[in-house]
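Novice: Please read through the structure below; I'll follow up with questions.
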Amino acid sequence: MITRTCIASVIIVCSACQTAEPDPLATSDLAEARALITAGEKWKAWSLLQDFEEEEFDRFTRAEYSQLAGDLAYENGDFNLAIQYYEKALLAGIAANNSRTTEARLFEMGCAYMDGDVRILGIFPDSNRGIVTLQNLHAWAPESPYAPECLARVASFAFEKGRFAEASADYQTILRFYPDSEWADIAHFRIGMCGLERIKGPDSDPKLISQAINQLQAYLEGAPSGLHREEAKNGIARLEELSAQHEIKIGDYYLAIGNVEGARIHFEEAAGRQGTAAAEIANLRLTGLLSTSDLPVNEQ
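Here the sequence shown is numbered in my numbering, starting from 2 and rising by one per residue.
Following this line, the structure appears as structure tokens:
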């Protein structure tokens, strides 16, 4: 019969047989790799680093390990691997004196992927890799001097691809967090243009048309020396034309069903959009309504 004493003895023996977990590696364990890099033996340094696992280091040294590996991958032209290591370095809390170099290189590589300067197998572009890299750089280093331009480039790419909701969201983020950056002007302007580009014609929701007009007018009022004022004015003119056309279409509908007063209201609204071609058409419609109202009831 097994006694409690026997069981306790077995547990003690088993515990003694267990191998104690090794202490985590520290910055001193990277000294040899740093010395090899200094001596120009970068391939040997790379080979040495590959013998380690990131999880083997204490949390303070992981950033240094990732930084060294990222530097070697970058200098070897392996941007994909360099991005992976540099992003880990940022997440691990890289030292401030090394952070700017890492941020600059991540920005450079992200732009290279976006612009098609770096391709998979030298053939296939991977703009999405660049977009994600710049988005991560902004998210993980929001105080970086590259952060506003990261957002601006991603937003511009989305705008050019017709993804106006995405572009507008990024431009709004620029205005919210970086209102004094050099990208604030185009961000403010493009928010209105995103609204304009999402409107497909006079049948679009009039609230969206009004919203886009208000956004572009806000740009003109808020940026008296803005670089895109003429484009904004032209955009407003296009939107005013669409708004007037929308009112005419509704007025024509009311006229067709015999609601003359309803038609008059919408034609007058369209006529108020002075300077538009649709306003002239609306005035002709109103003149026609006046002529009709002058006729005896039995002749209308």
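Note that beta-carbon positions come from the ideal geometry of N, C-alpha and C, so glycine has one too.
Identify the residues that DSSP records as bridge partners of Leu138: which are they?
Specialist: Here residue 138 is taken as the residue at index 137 of the sequence shown, counted from 1. Per DSSP, none; premise fails for Leu138.
Novice: For Ser244, does the count of other Cβ atoms within 10 angstroms reach 16, so buried, or fall short, so exposed?
Specialist: Reading the sequence shown from its first residue, position 243 is the one you call residue 244. Buried, since its Cβ has 16 or more Cβ neighbours within 10 Å.
Novice: Excluding sequence positions up to five away, which residues of its chain have a Cβ less than 6 Å from the Cβ of Ile84?
Specialist: Working through the sequence shown from its first residue, we reach residue 84 at position 83. Excluding sequence neighbours, Ile84 sits near Met110, Thr134.
Novice: Alpha carbon to alpha carbon, how far is Ile251 from Thr277? Give it in angstroms, no decimals.
Specialist: Numbered from its first residue, the sequence shown carries residue 277 at position 276. Numbered from its first residue, the sequence shown carries residue 251 at position 250. Whole-angstrom Cα-Cα distance: 17 Å.
Novice: DSSP state of Leu26, grouped into three classes?
Specialist: Here residue 26 corresponds to residue number 25 of the sequence shown, with the count starting at 1. In the structure shown, Leu26 sits in a strand (DSSP, three-state: E or B).
Novice: For Phe58, does the three-state DSSP call read helix, strand or coil?
Specialist: Along the sequence shown, one-based indexing puts residue 58 at 57. In the structure shown, Phe58 sits in a strand (DSSP, three-state: E or B).
Novice: Can you list, in chain order, the residues of its chain whose CB lies under 6 Å from that of Ser128, leaving out five sequence neighbours each side?
Specialist: Counting from 1 along the sequence shown, the entry for residue 128 is found at position 127. Only Met115 meet the Cβ criterion.
Novice: Given this structure, state the Cα-to-Cα distance separating Cys195 from His189, to the nearest angstrom.
Specialist: As a position in the sequence shown, residue 195 is number 194, starting the count at 1. As a position in the sequence shown, residue 189 is number 188, starting the count at 1. Cα to Cα, Cys195 sits roughly 10 Å from His189.
Novice: With distance defined between alpha-carbon atoms, name the residue in Leu152, Arg191, Pro180, Ala185 nearest to Asp303.
Specialist: Lying outside 2 to 301, the shown extent of the chain, residue 303 is not represented and no answer is given.
Novice: Could you tell me whether the Cβ atoms of Tyr86 and Ala105 are closer together than 8 Å?
Specialist: Residue mapping note: residue 86 aligns to position 85 of the sequence shown, counting from 1. Residue mapping note: residue 105 aligns to position 104 of the sequence shown, counting from 1. No, the pair does not count as a contact, with Cβ atoms beyond the cut-off.
Novice: For Leu138 and Phe108, I'd like the C-alpha separation in whole angstroms.
Specialist: Here the question's residue 138 lines up with position 137 in the sequence shown. Here the question's residue 108 lines up with position 107 in the sequence shown. Answer to the nearest angstrom: the Cα atoms are 7 Å apart.
Novice: Along the chain, where does the alpha helix (DSSP H) containing Ala238 start, and where does it finish?
Specialist: Taking the first residue of the sequence shown as position 1, residue 238 is located at position 237. Its alpha helix (DSSP H) spans residues 230 to 257.
Novice: With a 10 Å radius around its C-beta and 16 neighbouring C-beta atoms as the bar for buried, classify Gln68 as buried or exposed.
Specialist: As a first step, residue 68 must be located in the sequence shown, where it is residue number 67. With 16 or more Cβ atoms within 10 Å of its Cβ, Gln68 is classed as buried.
Novice: Would you kindly work out how many angstroms separate the C-alpha atoms of Asn81 and Ala279, rounded to a whole number?
Specialist: Translated into positions along the sequence shown, residue 81 becomes position 80. Translated into positions along the sequence shown, residue 279 becomes position 278. Roughly 55 Å separates the two Cα atoms.
Novice: Give me the residue from Glu167, Lys45, Glu262, Glu56 with the minimum Cα distance to Gly289.
Specialist: Stepping through the sequence shown from its first residue, residue 289 is reached at position 288. For the residues Glu167, Lys45, Glu262, Glu56, the minimum Cα distance to Gly289 belongs to Glu262.
Novice: From Asp204 to Ala233, what does the alpha carbon distance come to, in whole angstroms?
Specialist: Stepping through the sequence shown from its first residue, residue 204 is reached at position 203. Stepping through the sequence shown from its first residue, residue 233 is reached at position 232. Going by the C-alpha atoms only, they are around 22 Å apart.
Novice: Please name the residue in Ile282, Ala27, Gly202, Gly131 whose C-alpha comes closest to that of Asp59.
Specialist: Here residue 59 corresponds to residue number 58 of the sequence shown, with the count starting at 1. Checking every option, the nearest Cα to that of Asp59 belongs to Ala27.
Novice: Starting from Trp44, follow the alpha helix (DSSP H) in both directions and report where the run begins and ends.
Specialist: Stepping through the sequence shown from its first residue, residue 44 is reached at position 43. Its alpha helix (DSSP H) spans residues 43 to 51.
Novice: Using the beta-carbon count (16 or more within 10 Å), is Gln51 buried or exposed?
Specialist: Numbered from its first residue, the sequence shown carries residue 51 at position 50. Per the 10 Å Cβ criterion, exposed.
Novice: Are the CB atoms of Ala64 and Ala36 within a distance shorter than 8 Å?
Specialist: Indexing the sequence shown from 1 puts residue 36 at position 35. Indexing the sequence shown from 1 puts residue 64 at position 63. Their beta carbons are not under 8 Å apart, which means Ala36 does not touch Ala64 by this criterion.
Novice: How many whole angstroms separate the CB atoms of Ile192 and Ser169, which I take to be in contact at a CB cut-off of 8 Å?
Specialist: As a working note, residue 192 is residue 191 in the sequence shown. As a working note, residue 169 is residue 168 in the sequence shown. Confirmed, about 6 Å.
Novice: When we look at the beta-carbon of Tyr220 and count the other beta-carbons within 10 Å, is it buried (16 or more) or exposed?
Specialist: Translated into positions along the sequence shown, residue 220 becomes position 219. By the neighbour-count rule (16 or more Cβ atoms within 10 Å), Tyr220 is buried.
Novice: By alpha-carbon positions, which one of Glu161, Lys162, Cys112 ends up nearest to Glu150?
Specialist: Looking up residue 150 in the sequence shown gives position 149. Looking at the Cα atoms, Cys112 is the closest of the given residues.
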